[in-house]
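Letter 47 of the sequence shown, counting from 1, is numbered 47 in UniProt numbering, and no numbers are missing. By construction, the Cβ of each residue, glycine as well, lies at the ideal position given by its N, Cα and C atoms. For clarity, every value in this text was computed on a predicted model and none was experimentally measured. Notes follow once the structure below has been shown.
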Amino acid sequence: MNSRKRLRTSYACDICRVRKIRCDGRTPCGSCQTSAQGCTYGVEASSRGKTDIILERVEHVEALLNNLNAKFDSSVSALLSSQGSTPPVALNGTWSHISPSHDSTQSIDNAVLRFHTSATESILQWPYLASFTSLKDEYMPISQLEQSRPPFRHKMRISYPRLNRDEVTTVLDVFSQTVNFVFPTVSVDRVTRCLSSIVDASVMQDDNTDACLSLLMIALGCASQTVSRLRNTDFTVEDKTWCASRRVLGDHFFDLAMMRVPSAHTDTTGTAVHCLFFVGLYFCYLRRPFQAWEYINAASAKCLLLLTYPNPVSSDESIEHLRRIFWACYIIESDYIAELSALPTSGIAPVESQVPLPGNYRTHQIPHDQEQASLYFLACISIRRLLNRVHQLLYDNTDGVASHPERFPQVAAELDQQLSAWREVLPPSVSFPLDNPNTENSNVTDAAGFLRLRFLGCRSVIYRPYLTLVLSGEGVDPATGEISYAAWEGSKNCIESLSLLVQALDGFPHQVLIDTWQSSLSYTCSMLILLAAANNPALRPLITEEVLGAGKRLVSLYQKWEGATGGPGSPTVEQNIRLMGDIHRYINELYLLPYV
């Protein structure tokens, strides 16, 4: 029998092997030539362990981020030149002498979120939604809502809730699986010291930052326990009662920590920065955005101070500790500015390209857990940086190109290419499919499920300008009434991404523990855009039947989360629940109308 001719090379280059795509075996291969990357051939078989391979993947992702920055600079250099500026060189070097450049607002590496037009309140003002009067009849601006709510008052606690070693161990285990997985900033040694100080109640004898941090870790661990019950299919009355008891215990430890927070404001140490950051996280859990913003901002400013003027005797571990808090603050600050663009910034965004990405840091007892947390953290950093670029380049009030049909297609195409490249290099533990939005009865992890939400949200924002072209009539031929091919495809991509997004939301720990407040705004925004599309006869065929039940499901989820985390409830979340319910009703009514 004649031997079959090989249809594929048996020896792929390093880049194609990592990206899991076909390689033609040439030097350089066609794929590397197209993407302008260095094409190298390593050794096919490897005796390295799994840990070495995963860590190498982290380094590869970091290198890819820098390559994407360089590619993006060249792609939009003409645009920036027309604005009288040139992209600065990214300074991914040492920690010393960190300082933002004077023209950082024009930087592509340092994508600084400023006043933009992509927030929920901006979408609510669209003229395409003017006929839906009930959406605005009882609407109150977010800032007014939050400032009118009763002020937060922590109690002056004297009693100390004694927990035995097993109980403390359980709380800290949940803390490590949730908070310290989402933002891996606490070392294993720090967790051990917390366990001892809580069990023997020595934290009550001290009013320093060490005691404050231990109390905050237990408070966040109790908060994480309430979130862990939300993934149960049947959230019973007993589950709600248990969550309420965990909330009371968490609030007790948080009150004890708040009595020691003044030391965190006056100290200039990494522990003090950590205390301020964790206070901000607990306020995120309480759905109090202004208080969360105040402490995240304070932690960011103090972290930037310590990185700009590092202590000469600081160890590599303490520098890595600060670096991780820097990136955690960067993510949360960017998330809040995406919805409230007028918030005053801390100053970390203009220098983010100068700060190295997270490195080695022992955050978990099990090496596999530590590696997965680091990979997830890196993925969250990279997608947040890309989201910032999208907001800046497309929707910035000063330099955004979304309102210029002749300018944004090239920028949108490059941003979409970067987003696809980001997804391609995700390691298996956090990779995700796009065709199945539901994580129930699937192999998609919570981390991967949350990253899928980020991906879909970013893609919808990239293609939103095409949708607005059709809604405004600019993308329609006045003579024939036909939508241009580019506008139709772009609108289709936007609506498909939004349709998957509103179906994919679930009770991921990251989502409920930290992002409930801002995500309620984000999903209200998504439903508003789908409503505007459904109100357009030409775009209505793109609204699928799956979207018709999405609003009801979103309302149910947020009501469930509000009930589990306990009161007082967030007026912003409650208003968004009402809006999503109204939008759900309007979309279903429009879907029954005949196409024109």
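Classify valine 313 as buried or exposed, calling it buried when 16 or more other Cβ atoms lie within 10 Å of its own Cβ.
exposed
Can you tell me where the alpha helix (DSSP H) with histidine 154 in it begins and where it stops?
Where histidine 154 is concerned, there is no enclosing alpha helix (DSSP H), given that its DSSP letter is neither H nor E.
Please name the residue or residues paired with isoleucine 483 in a DSSP beta bridge.
Val476
Work out the CA separation of glutamate 333 and leucine 124 for me, nearest whole Å.
23 Å
At which residue ranges does the region 481-548 contain complete alpha helix (DSSP H) runs of 4 or more residues, listed in the order of the chain?
485-504, 509-513, 516-534, 545-548
Using a Cβ-Cβ cut-off of 7 Å (strictly less than) and excluding sequence neighbours within five positions of threonine 559, which residues of its own chain qualify?
According to the sequence provided, residue 559 is glutamine. The question's threonine does not apply to it. These residues qualify, in order along the chain: Ile577.
Are the C-beta atoms of aspartate 399 and some chain B residue less than 9 Å apart?
Although the question refers to chain B, the structure presented lacks it and comprises just one protein chain.
Specify whether the region 351-370 and the region 399-416 touch according to this definition: at least 3 beta carbon pairs, one from each stretch, less than 8 Å apart.
no
Since phenylalanine 278 is in the alpha helix (DSSP H), which residue starts that stretch and which ends it?
270-285
What number of angstroms, rounded off, separates the C-alpha of histidine 274 from the C-alpha of tyrosine 282?
12 Å
Secondary structure of lysine 50, DSSP reduced to three states
Bear in mind that a pLDDT of 46 at lysine 50, under 50, signals an unreliable position, so the number given afterwards is only what the model happens to contain. Residue state, collapsed to three classes: helix.
So leucine 220 and phenylalanine 278 are in contact, right, with Cβ under 8 Å, and what is the actual spacing, rounded?
6 Å
Rounding to the nearest angstrom, what Cα-Cα distance links arginine 287 and isoleucine 483 in this structure?
42 Å
What three-state label does DSSP hand proline 405 in the structure shown?
coil
Among residues of its own chain, excluding the 5 on either side of asparagine 536, which ones have a beta-carbon nearer than 8 Å to its beta-carbon?
Tyr128, Val470, Leu471
Cβ-based burial, alanine 328 [other Cβ within 10 Å; buried from 16]:
buried
Got a sec: does the ligand SAM put a non-hydrogen atom nearer than 8 Å to the Cβ of isoleucine 123?
Looking for the ligand SAM in the displayed structure turns up nothing, as the structure carries no ligands at all.
Report the option in Asp166, Thr178, Pro262, Trp293 whose CA atom is closest to the CA atom of alanine 211.
Pro262
Apart from the five residues on each side of it in sequence, which residues of its chain come closer than 8 Å, Cβ to Cβ, to serine 199?
One point to set straight first is that residue 199 is valine, not serine, in the sequence displayed. These residues qualify, in order along the chain: Leu163, Asn164, Arg165, Val168.
So, alanine 534 versus tyrosine 485, is the Cβ gap smaller than 9 Å?
Judged by beta-carbon spacing, tyrosine 485 lies beyond the 9 Å limit of alanine 534, meaning their Cβ atoms are not closer than that value.
For serine 300, which residues of its own chain have a beta-carbon under 8 Å away from its beta-carbon, when the five flanking residues on both sides are left out?
Phe326, Cys329, Tyr330, Glu333, Ser346, Gly347, Ile348
Isoleucine 337 by DSSP, collapsed to three states: which one?
Isoleucine 337: helix per DSSP, three-state reduction.
If leucine 322 sits next to leucine 307, beta carbons under 8 Å apart, how far is it from one beta carbon to the other, in whole angstroms?
At roughly 6 Å, the Cβ-Cβ gap stays under 8 Å, so leucine 322 and leucine 307 are in contact.
Flag this pair as yes or no: are the beta carbons of leucine 542 and tyrosine 523 separated by less than 9 Å?
no
Three-state class that DSSP yields for tyrosine 376 in the structure shown:
Here tyrosine 376 sits in helix by DSSP.
Any idea what DSSP makes of glutamate 414, helix, strand or coil?
Taken through DSSP and simplified to helix, strand or coil, glutamate 414 comes out as helix.
How would you label glutamate 320, buried or exposed, when you count the other beta carbons within 10 angstroms and need 16 or more for buried?
buried
Measuring only the C-alpha atoms, how far is valine 555 from leucine 579?
9 Å
Relative to the C-alpha of isoleucine 495, which residue among Val547, Gly270, Gly250 is closest?
Closest option to isoleucine 495, Cα to Cα, is Val547.
Would you kindly work out how many angstroms separate the C-alpha atoms of serine 491 and serine 196, rounded to a whole number?
57 Å
For a quick check, are the C-beta atoms of leucine 378 and proline 350 less than 9 Å apart?
No, they are not a contact pair.
With DSSP run on the structure shown, which of helix, strand or coil describes valine 355?
coil
If we ignore side chains and look at the alpha-carbon of each, how far apart do glutamate 474 and threonine 480 end up?
13 Å
Give every residue of the same chain whose Cβ lies closer than 7 Å to the Cβ of serine 96, excluding the five residues on either side of it in the sequence, and list them in chain order.
Bear in mind that a pLDDT of 39 at serine 96, under 50, signals an unreliable position, so the model cannot answer this.
Helix, strand or coil for glutamine 225 per DSSP?
helix
Output yes or no for whether 9 Å exceeds the beta carbon distance between leucine 215 and phenylalanine 253.
yes
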